[in-house]
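All the letters of the sequence shown, read from the start, carry residue numbers -29 to -1, 1 to 531 under mature numbering (1 follows the signal peptide of the UniProt record, and there is no 0). Heads up, the beta-carbon is just placed ideally off N, CA and C, and yes, glycines get one too.
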Amino acid sequence: MSKLNRRHFLVTGLAAGAAAAIPATAAHADPDPGAETAQSLASRGLRTDPFTLGVASGDPDHEGFVLWTRLAQQPMAEDGFGGMPQRPFPVLWQVYADERCRRVVRSGVSVASPEWGHSVHVEVDRLGSDREYWYRFRVGPYVSPVGRARTAPHPLSYGGALAMAFVSCAQYEHGYFTSYRRLAEESPDLILHLGDYQYEYTKDTYTIPGGNVRDHEGPETETLAGYRQRHAQYKADPDLQAAHAAAPWLVVWDDHELDNNWADEVPEKPEVPQPNFLSRREAAFRAYYENMPLRRTSIPRGIDMQLYRRIRWGRMATFHMLDTRQYRDDQGCGDGYRDCPAAVDPARSITGGEQESWLLDGFHHSRAQWDILGQQVFFAQRDNNAGPAKITSQDSWDGYVASRQRITQGWVDAGVRNPVVLTGDVHAHWASDLKLDYDDPTGPSVGSELVATSISTGGDGADSDPATHPFLSINPHLKFYNNQRGYVLTKIERDQLTADFKVVPRVQAPGAEVYTRATFVVEDRVPGVQQTYLRPLDAAMRSQQEMTVEETVRLETERP
């Protein structure tokens, strides 16, 4: 994993020595949280239900998973402490074999400490493989909602079909989180969040036509208090809470968890002095860990946090969860779409050398039916110019062509059976064949990419005929486009992966229903995507004009 470097010794007063302060799960604690009364808790400053941010599970293996909650009496408190007194509170956790929570199979006590925002991370083990479980937390008379989790199949077993969904880009101000609610109703086995879980802007900064439907609280997030408050505002949303409670999550960040289009130690606008950027990064990483169901291997240390990791779902699938922000070289020619000579510089990397080596090594050791890369930004080439110039997004893998080539060649050389890349970031559904040489449209496909639209970013969007999008004619390996909100729900079996591109027609008003806009299949040992269903164009939701190159670029890149 990451080697120590100068950044590990950065001291900002925020987290020095804090990793050692994380309380371990204890078999006993004093006082006993199950025996606490409302009166005894009130005497120590806990006077109302602290489970306002819901519950979550994550990073499952064949023996267990991570359980998460965070105590907050007043989630929107400006100081980031959630209305909690500056003292620790023991929290009882219980795992059940039944949905009615009658048969306890594992239990214990963990301490929610103020140093870590009164968050609780419990790594549960010694459970049966390939099984559903339910869980909840308790402090005195206060009991959390019930969450559903599940373990992965045994490493030597394929298990049954895996229902996996992936999502990205939830701008609280742009719309309601209806897609999270509809996803929860699907009861998937596993949910991947590929970044932009929250946005950093203060209100009236990143607006959609017609105005935002709700507002962020507080200033732009730059401090630990600000990031904690923003996470709390998102976590308090009932639709997001429902999705977290429905299934275990695998999470990775993109840019807005810290700052738009940041790259390693470089902020979005390096020409504007930001002497606090490294302390801002430290605060963002710390708050991210506090609010996500992550294992202790991801405890941040200063401005570093180990987020790339590998999760195995038996023999069926291996998920390589990538971090394309923390180690990347700065964008070669600035952000946006450009014809950039630096994009092809072999010395430049979007993953950093250590993560790239880790990924290539994982390819060579994989015995999975499906090797799935959960990552942030568009992987396939997207040239927006029909002429000889190559104008591509410098924030995506197109800005790091040599990185993409090495990794693609790596899975080919390793004989990976079924490589599939999952992507978010661009606020639209896409599907693509992956190539070793994108300039040769007759060359073989060597993998598949599925891209999830946003949960809410951009507002409602509009439907259109995907075949008319100019990107698809300029780039024949691109097979689908849709500019509505939603998520992708997949069914992973030994012989094929089926992906339903789910759409909600409205997010600027709550309560919309969901439907499948298109279905694509990836067959075992047949690289590339094959369309098996396309819903007829919905005239009521149709854009007034067909999508253009300029409009597509604007929707992706027009952020403050």
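For residue i, name the three-state secondary structure that DSSP assigns.
i, result
"residue 169", "coil"
"residue 521", "helix"
"residue 205", "helix"
"residue 373", "helix"
"residue 326", "helix"
"residue 426", "coil"
"residue 280", "strand"
"residue 501", "strand"
"residue 336", "helix"
"residue 319", "coil"
"residue 199", "helix"
"residue 513", "strand"
"residue 480", "coil"
"residue 52", "coil"
Using C-beta distances below 7 Å, list every residue in its chain close to residue i, excluding the 5 sequence neighbours before and after it, in chain order.
i, result
"residue 367", "348 and 349"
"residue 96", "34 and 35"
"residue 260", "269, 270, 271 and 276"
"residue 5", "63 and 109"
"residue 47", "188, 200, 203 and 204"
Considering only C-alpha positions, which residue in the set the options is nearest to residue i?
i, options, result
"residue 176", "192, 163, 164 and 162", "192"
"residue 187", "430, 66, 15 and 204", "204"
"residue 283", "449, 336 and 206", "336"
"residue 84", "421, 408, 165 and 56", "56"
"residue 346", "295, 312 and 384", "295"
"residue 405", "383, 126 and 424", "383"
"residue 342", "418, 268, 328 and 316", "418"
"residue 218", "505, 28 and 181", "28"
"residue 106", "279, 148 and 37", "37"
"residue 463", "12, 130 and 134", "134"
"residue 517", "454, 313 and 4", "454"
"residue 238", "216, 306, 263 and 173", "306"
"residue 153", "44, 162, 257 and 485", "485"
"residue 338", "220, 357, 124 and 386", "386"
"residue 67", "44, 119 and 47", "119"
"residue 137", "163, 117 and 123", "163"
"residue 461", "432, 492, 448 and 475", "492"
"residue 30", "221, 477 and 59", "221"
"residue 532", "356, 523 and 489", "Nothing about residue 532 can be read from this structure; the chain reaches only from -29 to 531."
"residue 340", "298, 328 and 289", "289"
"residue 211", "427, 440 and 70", "427"
In whole angstroms, what is the alpha-carbon distance linking residue i and residue j?
i, j, result
"residue 213", "residue 150", "11 Å"
"residue 49", "residue 208", "18 Å"
"residue 250", "residue 169", "19 Å"
"residue -6", "residue 285", "Low per-residue confidence applies at residue -6: pLDDT is 45, beneath 50, and the placement is therefore not dependable, though the value from the model is reported in the following sentence. So the alpha carbons of these two residues sit roughly 28 Å apart."
"residue 494", "residue 390", "11 Å"
"residue -4", "residue 80", "Only weak support exists for where residue -4 lies, its pLDDT of 45 falling under 50; the value from the coordinates is given anyway. Distance between the alpha carbons of residue -4 and residue 80 is about 5 Å."
"residue 245", "residue 274", "15 Å"
"residue 526", "residue 54", "38 Å"
"residue 423", "residue 450", "14 Å"
"residue 393", "residue 61", "39 Å"
"residue 326", "residue 139", "22 Å"
"residue 127", "residue 446", "40 Å"
"residue 40", "residue 507", "42 Å"
"residue 363", "residue 414", "21 Å"
"residue 231", "residue 224", "12 Å"
"residue 402", "residue 500", "7 Å"
"residue 482", "residue 425", "17 Å"
"residue 520", "residue 399", "14 Å"
"residue 411", "residue 372", "15 Å"
"residue 233", "residue 72", "44 Å"
"residue 13", "residue 235", "44 Å"
"residue 530", "residue 98", "45 Å"
Under 6 Å Cβ to Cβ from residue i, same chain only, skipping five residues before and after it: list those, please.
i, result
"residue 196", "50 and 51"
"residue 381", "331 and 334"
"residue 360", "310"
"residue 189", "197 and 200"
"residue 578", "Past the edges of the chain, shown from -29 to 531, lies residue 578, and the structure says nothing about it."
DSSP beta-bridge partners for residue i?
i, result
"residue 454", "433"
"residue 460", "136 and 471"
"residue 212", "Note: residue 212 sits in no beta bridge, so no partner."
"residue 105", "67 and 119"
"residue 81", "62"
"residue 275", "272"
"residue 292", "280 and 345"
"residue 404", "419"
Residues in the same chain with beta-carbon distance under 8 Å from residue i, minus the five sequence neighbours each way, listed in chain order, please.
i, result
"residue 8", "111 and 112"
"residue 416", "404, 405, 406, 448, 498 and 499"
"residue 437", "443, 451, 452, 453, 489 and 505"
For the ligand ZN, is there a heavy atom less than 6 Å away from the beta-carbon of residue i?
i, result
"residue 199", "This structure lacks the ligand ZN, and indeed carries no ligand of any kind."
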